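See below for the structure under consideration.
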Amino acid sequence: MKRLTHILISLVYFSSFYLGASSTLQLVTLEYPPYIEHHNDKISGVAVELVKEVFAELKQPISIQVLPWARALNNIQHGRSDAIFTAFKNQEREQFADYSQQVLFTQNISLITLIDSELSSIDFFQRDLSSLSICVVNRVSYGKRMDDLLDTGVFKVIFKRNKTEDCAHLVRAKRADVWVNNEFGARSIMVRNGLDQSLKILVPSLEATPSYIAFSKLRQHHDLKNEFDAELAAMKRDGRYQALIERYFDSLRVEPSGE
Numbered sequence: 284m285k286r287l288t289h290i291l292i293s294l295v296y297f298s299s300f301y302l303g304a305s306s307t308l309q310l311v312t313l314e315y316p317p318y319i320e321h322h323n324d325k326i327s328g329v330a331v332e333l334v335k336e337v338f339a340e341l342k343q344p345i346s347i348q349v350l351p352w353a354r355a356l357n358n359i360q361h362g363r364s365d366a367i368f369t370a371f372k373n374q375e376r377e378q379f380a381d382y383s384q385q386v387l388f389t390q391n392i393s394l395i396t397l398i399d400s401e402l403s404s405i406d407f408f409q410r411d412l413s414s415l416s417i418c419v420v421n422r423v424s425y426g427k428r429m430d431d432l433l434d435t436g437v438f439k440v441i442f443k444r445n446k447t448e449d450c451a452h453l454v455r456a457k458r459a460d461v462w463v464n465n466e467f468g469a470r471s472i473m474v475r476n477g478l479d480q481s482l483k484i485l486v487p488s489l490e491a492t493p494s495y496i497a498f499s500k501l502r503q504h505h506d507l508k509n510e511f512d513a514e515l516a517a518m519k520r521d522g523r524y525q526a527l528i529e530r531y532f533d534s535l536r537v538e539p540s541g542e
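So for the sequence shown, this note's numbering puts the first residue at 284; every next one is plus one.
Right, here's the structure in full:
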């Protein structure tokens, strides 16, 4: 009887600990302008606003932590965080992450080069890439075709960095020939770092890749994932999704000076 009582007390303790720890959902992400931005301890961005809105409708408190992408993925894999966004889907990640069915954003994956570069994105996957040095962010997926190229080692040099801005500066310094990034993110980084007159985004984009929120399988949030899907789908149907995006980008516009 004494042993049974001890077991019951232990179960109550650990259950209380689990419920207390999970009352606020712990989300992780990467600084990935304009989707996720981190300045002076403030986290913003159009993806942040969307995720906040959905969870607010679900009355689910959340916290958001910006981490290097490899560490963020590791947290999801080992159950140290509840969910990650905005994540591209691949087989490796699906082993430990339960992906939402609803797409958060479809992201155009583009090449960025020096403004006078003759590199073309039209035949990029068919050309000889052995003389090119390329910069990518550590453990970020760029869609199946680009990921496959990076895995095969066909490039002369692959620079792997933890911050996207580092890739922009490597291209500007002519240490890397090309940088891969989502189009909106690249444009934001170029403008904010004064590089929009030095670098260019090649057209057309390499591919359009859907990105998602994904929940740690170890945290067992299947029901919450379904609720998230249902609310995000409703937002897309009734226009709130597009209105939120337009409202966010309107807020970034700099008003002309009256002087």
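Heads up, the beta-carbon is just placed ideally off N, CA and C, and yes, glycines get one too. Computed from a predicted model, the values in this text were never measured in an experiment.
- Presumed contact (8 Å Cβ cut-off) between Asn464 and Ile395, rounded CB distance: Separation of the CB atoms of Asn464 and Ile395 is rounded to 6 Å, and the pair is thereby assigned contact status at 8 Å.
- Task: Would you tell me roughly how many angstroms separate the C-alpha atoms of Ser494 and Asp324, rounded to the nearest one?
- Result: Between Ser494 and Asp324, the C-alpha separation is close to 25 Å.
- Message: Quick check on DSSP: helix, strand or coil for Asp381?
- Response: The answer is strand: DSSP assigns Asp381 an E or B state.
- Item | Inter-residue Cα distance where the pair is Ala491 and Pro344 | Near 32 Å, if we compare the C-alpha coordinates of Pro344 and Ala491.
- Query: To which residues of the same chain is Ala330 closer than 7 Å at the C-beta, ignoring the five residues directly before and after it?
  - Reply: Tyr318, Ile319, Phe368, Thr369, Leu387, Phe388.
- Could you tell me which uninterrupted alpha helix (DSSP H) segments, each at least 4 residues in length, are contained entirely in the stretch 390 to 457, listed from first to last along the chain? Correct list: 427 to 435, 447 to 455.
- Within 7 Å, strictly: CB atoms of Ser499 and Ile359: Yes, Cβ-Cβ distance for Ser499 and Ile359 is below 7 Å.
- Bounding residues of the beta strand (DSSP E) (the contiguous stretch that carries Ser471): No beta strand (DSSP E) contains Ser471, which is instead part of the alpha helix (DSSP H) from 466 to 475.
- Are Val461 and Ile417 touching if we call contact CB-CB under 7 Å? In this structure, Ile417 lies closer than 7 Å to Val461 by Cβ.
- Task: Report the partner residues of His322 according to the DSSP bridge assignment.
- Result: Answer is Lys325, bridged to His322.
- Mapping DSSP to helix, strand and coil, what is Gln525? Helix, per DSSP.
- Task: Check the DSSP bridge columns for Leu308 and list the partner residues they point to.
- Result: The partner list for Leu308 (beta bridge, DSSP) reads Ile345.
- Leaving aside the five residues before and after Val437 along the sequence, list all residues of the same chain whose C-beta is less than 8 Å from its C-beta, in chain order. So the qualifying residues of the chain are Leu412, Ser413.
- Task: Give the range of the alpha helix (DSSP H) segment to which Leu501 is assigned.
- Result: Taken as a continuous stretch (DSSP letters only), Leu501 belongs to no alpha helix (DSSP H), as it is neither H nor E.
- Message: Please classify Thr312 as buried or exposed, where buried requires at least 16 other C-beta atoms within 10 Å of its C-beta.
- Response: With 16 or more Cβ atoms within 10 Å of its Cβ, Thr312 is classed as buried.
- Are Asp430 and Lys508 close, meaning C-beta to C-beta below 7 Å? No, Cβ-Cβ distance for Asp430 and Lys508 is not below 7 Å.
- Query: Among all the DSSP beta bridges, which residues are the ones paired with Trp462?
  - Reply: Trp462 is bridged to Ile395, Cys418.
- Query: Does DSSP classify Gly303 as helix, strand or coil?
  - Reply: Confidence in Gly303 is poor, its pLDDT being 41 and thus under 50, which makes the residue's placement too unreliable to answer from.
- Item | Limits of the unbroken beta strand (DSSP E) element including Leu478 | First-last for Leu478: undefined, no H or E at that position.
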